[in-house]
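Residue numbers (my numbering): 17 to 505. No residue lacks a Cβ here, since even glycine has one placed at the ideal position from N, Cα and C.
Shown next as structure tokens:
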């Protein structure tokens, strides 16, 4: 009177097989659930009992023990309802033992219907790994079907799950998942004037470079940044699957073709931005922006500790979040775009409206952005108040035309094997540079007091500008434009 069913646990974004072991023993009516379950998992006992009864089966009036192995991995959520129910029915002899030869995931309603649960995409990966079909709710099956090589069977009830697990039915029709909104509808043509800001946005998009915009309120900083999504190329299949894994680990279904664009409010907490939470940590905004853009508006209003916490993932492309008893690694290869006012009132340096802040207030405000953080922005650009003739003038170049140039630059970097923002010092040394470009770089080291990191960032931006111009070696004009984007904050 023993059975096993395979399920899934997400540790970070990594899906791991979980062996749901069910043993039915003595006559005592008891239901024990062990294996580091959280509250939602422990409550499965009542849902499973009711779902089995409502589905026309008899719940065994004996001692039932369920173990979720490996027992040292915390188990969270309601996704283990369905595998526990299948295991109980198989151990009791109510159904053939072959129903355990599946990967099962799903929450059970009291009437026996199967609801979606976090981890559908992970079930697809585990299914492919162990060579078993996976049985999921209709909604989760659409996520699992994204995994090449996974055999997916969608079900709407526990009864259907039993039939699908035995292979007597192929399961319910699987509907395609609905893509998330990407924010790519805003057109760059709506931004009037701001030639320098538009060019900086294009360069940043072409090389995935971090970009800092500052200027008075209403100058167009947020408007520019929000149009980044519309000029980025679509994700390739591998990157799209990576993004879907992160969103699945966060309990958010769906995947868009374009890179994700995340814009959290400055009141967000450290776990919300970096990742965390009680129990097994879940991805934060920097991971939800993986392979896409993280836009921080009003950068100066974010807590200093959160801003400083961004420094390591910006460089590494991943972040490790540790909680008591568990440490997980989340991918966070995001492009950072930030916008901020130059002072508390916002009008320092404005040509029309005087600043009302004291020098000490301005200094305190700017000190919130540390030198090491500022040094991680490849482009730092001032966005002044646009003049009247720009506001009433004709529309500028649209997103489609800019996106074509950005896409061509991405294609060039793909041939090189790495995006320009990730070029290491050795990679940069191996690229072609004209003698004039090298001489200007040497002069800039002293004139701009460049750090080693800053020197490499100038070279990366110069290479991106050359890619946009379809140039071979990096020339002096490319270095000069890259230096012009390194404004003094």
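For residue i, the residue or residues it bridges with in DSSP
i	result
residue 334	347
residue 79	46
residue 170	152 and 188
residue 449	490
residue 228	354 and 396
residue 40	80
residue 502	396
residue 292	298
residue 30	27
residue 311	353
residue 212	Answer by DSSP bridge pairing: none, since residue 212 is not bridged.
residue 21	36
residue 473	None, per the DSSP bridge assignment.
residue 53	91
Exposed unless 16 or more other CB atoms sit within 10 angstroms - verdict on residue i
i	result
residue 211	exposed
residue 455	exposed
residue 445	exposed
residue 195	Low local confidence applies: a pLDDT of 49 at residue 195 is under 50, so the model's placement there is unreliable, and no value is given.
residue 301	buried
residue 321	exposed
residue 316	buried
residue 277	buried
residue 407	exposed
residue 126	exposed
residue 368	exposed
residue 343	exposed
residue 286	exposed
residue 349	buried
residue 191	exposed
residue 404	exposed
residue 409	exposed
residue 13	Residue 13 lies beyond the stretch modelled for the chain, which goes from 17 to 505, so this question has no answer here.
residue 36	buried
residue 199	For residue 199, the pLDDT reaches just 45, beneath the cut-off of 50, and the residue's location in the model is therefore unreliable, although a value from the coordinates is still provided. Buried, by the Cβ-count rule.
residue 434	exposed
residue 146	exposed
Cut-off 8 Å between Cβ atoms - residues of its own chain near residue i, not counting five sequence neighbours on either side
i	result
residue 54	90, 91, 92, 93 and 295
residue 390	228, 396 and 505
residue 386	320, 323 and 324
residue 264	26, 29, 134, 135, 136, 137, 138 and 159
residue 57	49, 84, 91, 92, 93, 94 and 96
residue 288	280, 300 and 301
residue 329	290, 302, 335, 348 and 350
residue 465	none
Cβ-based neighbour list, residue i, same chain, cut-off 7 Å, excluding 5 preceding and 5 following
i	result
residue 71	128, 173, 174 and 175
residue 236	207, 210, 213, 399 and 402
residue 497	481
residue 73	105 and 110
residue 447	479 and 490
residue 305	276, 278 and 350
residue 107	17, 18, 19, 38, 39 and 40
C-beta atoms of residue i and residue j nearer than 8 Å
i	j	result
residue 103	residue 82	yes
residue 63	residue 88	no
residue 158	residue 24	no
residue 204	residue 365	no
residue 105	residue 171	no
residue 180	residue 162	no
residue 114	residue 182	yes
residue 42	residue 79	yes
residue 291	residue 303	yes
residue 275	residue 309	yes
residue 381	residue 371	no
residue 425	residue 472	no
residue 156	residue 121	yes
residue 273	residue 247	no
residue 47	residue 61	yes
residue 1	residue 492	Not covered by the structure: residue 1. The range shown for the chain is 17 to 505.
residue 352	residue 307	no
Close Cβ partners of residue i (< 6 Å) along its chain, the five nearest in sequence each way excluded
i	result
residue 167	149
residue 220	227 and 395
residue 474	498
residue 142	24, 31, 33 and 119
residue 66	126
residue 243	202 and 204
residue 377	360
Closer than 8 Å to chain B by CB, residue i
i	result
residue 240	No chain B appears in this structure, which consists of one protein chain only.
### Task
Would you mind listing the beta strand (DSSP E) stretches within the region 365–440 that are 3+ residues and don't spill past its ends, in chain order?
Within the region 365–440, the complete beta strand (DSSP E) runs of at least 3 residues fall at 395–398.
### Query
Can you give, in chain order, each stretch of the beta strand (DSSP E) that sits fully within the region 93–155 and has at least 3 residues?
Counting whole runs of 3 or more residues, the region 93–155 contains the beta strand (DSSP E) stretches 150–153.
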